[in-house]
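The structure appears right after this line, and notes come after that.
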Amino acid sequence: MIRAIFLDLDGTVYRGSEACPDAADSIAEFIRRGFAVRYITNNSGARPESVRAKLVRMGVPSQPDWVVTSGMAAAKEIAHSFHKVGVVGNPGLMESMIEAGLTIVPYCDAEAVVVGLCFEFDFTILQEASDAIRNGAVFYATNLDKTYPYDGGRFAPGAGSLIAAVVAASGVDPIVVGKPQPTMAWQACDELGVEPREVLFVGDRIETDLDCALAAGCLPWLVLTGVSSEIPDGVLGSETLAGVLDYLENS
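As numbered in my numbering, the sequence shown has no gaps in its residue numbers, which increase by one up to the final residue, 642.
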């Protein structure tokens, strides 16, 4: 029995500054029917309160504790083993590290280096972060999404584009925390007290969202409001989130 619905954000709930078709009404109906909702995003720098505010402006129900970001997940993972971290990322990622009890230090003093989306990424950051990793700092990546959907049908460079540069410069492959790895889904399941098999996981990317769902043991569902343009044979999915409601009614 499905007890919770996990939703990707970019391309599933919204695209840029606009809600995806049927998203607001469908999510409101999920909640009305008693399903727990969590937003699972590879956006490493997203602040939960900012995500909630953005969703509410679009008419999409949300609370800050419904948001799970790859930055938050990475912070929890790093905090299990380390205290000092070097951060390549936007302020939201840094806040996630601090909230997890980690101390942000210069790359040369770091026990671990985490790389996410960073609008100030430059040659100096690349040099210092890769030096630290070559010298023994454990390399974490928030996610490997090379792009993310933006307004007007455009795509912007994602964290994966920056991580690829650090991999090339350091010669080290990272520990990846975000989708398609199952970490965020498992963390959300633990927080809700549900089993992965009781979760329907909705996303617009087969190689990240659906692969994450499968790795975690959740039921994957593909929507065509973002990157994917067709539903392959053998894959559960629908044009919009409204199709999820139809499935839940008939399952």
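Where a beta carbon is used, it is the ideal one built from N, C-alpha and C, also for glycine.
First and last residue of the alpha helix (DSSP H) that includes residue i?
i    : result
I524 : 514-525
L446 : 439-448
Exposed or buried, residue i, counting other C-beta atoms within 10 Å across all chains shown (16 or more means buried)?
i    : result
V567 : buried
M655 : Here the chain has residues from 392 to 642 only, and residue 655 is not among them.
E468 : buried
T406 : It should be pointed out that residue 406 corresponds to Arg in this sequence rather than to Thr. The residue in question, R406, is buried, as its Cβ has 16 or more Cβ neighbours within 10 Å.
F397 : buried
R443 : buried
V593 : buried
P482 : exposed
D595 : buried
G643 : Any question about residue 643 goes unanswered here, given that the chain covers just 392 to 642.
D637 : exposed
P587 : buried
P455 : exposed
Q572 : buried
S435 : buried
For the beta strand (DSSP E) that contains residue i, what are its first and last residues?
i    : result
T400 : The identity of residue 400 in the sequence shown is Leu, whereas the question assumes Thr. First-last for L400: undefined, no H or E at that position.
G477 : 475-479
R429 : 427-432
L484 : Where L484 is concerned, there is no enclosing beta strand (DSSP E), although the alpha helix (DSSP H) it sits in stretches over 482-490.
A503 : 503-506
L611 : Residue identity check: residue 611 is Pro in the sequence provided, not Leu. Looking at the DSSP string, the run of the beta strand (DSSP E) that includes P611 is 610-614.
T460 : 458-460
Spell out the partners DSSP gives residue i in its beta bridges.
i    : result
E640 : According to DSSP, E640 bridges with nothing at all.
Y405 : D401, A410
I495 : V476
G628 : L613
Counting pairs of Cβ atoms below 8 Å between the region 498-506 and the region 473-482, do you hit three or more? Remark: three or more beta-carbon pairs, one from each stretch, lie closer than 8 Å, so the region 498-506 and the region 473-482 are flagged as touching.
If you scan the region 522-602 from start to end, which runs of the beta strand (DSSP E) of 3 or more residues do you find wholly inside it? As summarised for the region 522-602, the continuous beta strand (DSSP E) elements at least 3 residues long and confined to that stretch are 529-532, 538-540, 546-548, 590-594, given in chain order.
Taking one C-beta from the region 530-541 and one from the region 511-518 each time, how about it: are there three or more such pairs within less than 8 Å? Too few Cβ pairs lie closer than 8 Å, so no.
Cβ contact check for the region 604-611 and the region 482-495: 3 or more pairs under 8 Å: No: fewer than three Cβ pairs fall under 8 Å.
For the region 551-568 against the region 577-586, are there 3 or more C-beta pairs whose distance is under 8 Å? Short answer: they don't touch.
Say whether the region 423-434 touches the region 614-626, bearing in mind that this needs 3 or more beta-carbon pairs closer than 8 Å, one atom from each stretch. No, because fewer than three Cβ pairs between the region 423-434 and the region 614-626 fall closer than 8 Å, the two stretches do not touch.
Quick check: the region 543-553 against the region 440-456, are at least 3 beta-carbon pairs closer than 8 Å? As far as the Cβ criterion goes, the region 440-456 does not touch the region 543-553, which means the pair count is below three.
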